[in-house]
Amino acid sequence: MNITLTLDVYFADGSTAKFSLSGIDGNGGLELNLISARDIDNNDIPLTKQGYETSGERNFSTGGNAAIEEYIAAANRWGVEVVSGTGGSGGRQQMNCDSNGKCIIIWIPN
């Protein structure tokens, strides 16, 4: 019998991840493969450099600056350049990424 088991993990910060169980290692530990992940604002967290380079909009209205910093750090680990625009108060942040691997953070006033 061939059974596929997927696990949805909910983190305290509001982010989520989906794993598949691929087996059990020799020490009895679970072998998990990360399938997908989302941050507190329900943005897809890319699992590859190409995922960060995909055009699209990311919204950080709930996670704010901390979520942006985490996203930028993850993008930088893949070698994706992120440029920050001007900030302010009373608005929301938006990140636009293009297929050349460059992301721009934009502040949108209310």
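With the first letter of the sequence shown counted as 1, position 53 gets the number 202 in the working numbering; the numbers rise by one all the way through. In this text, a Cβ means the ideal position worked out from N, Cα and C, and glycines have one as well. Bear in mind that the values here come from a model prediction, so they are computed numbers and not experimental data.
>> If you measure between the beta carbons of GLY212 and ASP190, is that distance less than 8 Å?
In response: yes
>> How far does the alpha helix (DSSP H) with GLY178 in it extend, from its first residue to its last?
In response: First-last for GLY178: undefined, no H or E at that position.
> Which one or two residues does DSSP pair with LYS167 in a beta bridge?
Replying inline: ASP157, SER185
> For GLU206, which residues does DSSP report across the bridge?
Replying inline: ASN245
>> For ALA215 and ALA161, I'd like the C-alpha separation in whole angstroms.
In response: 14 Å
>> Does ILE194 come out as helix, strand or coil in the three-state DSSP assignment?
In response: coil
> Measuring CA to CA, which of LYS167, GLN243, ASN208 is closest to SER105?
Replying inline: With the chain covering only 150 through 259, there is no way to say anything about residue 105.
> How should ILE152 be labelled, buried or exposed, when 16 other C-beta atoms within 10 angstroms of its C-beta is the threshold for buried?
Replying inline: exposed
> Taking the continuous alpha helix (DSSP H) assigned at GLY213, which residues delimit it?
Replying inline: 213 to 226
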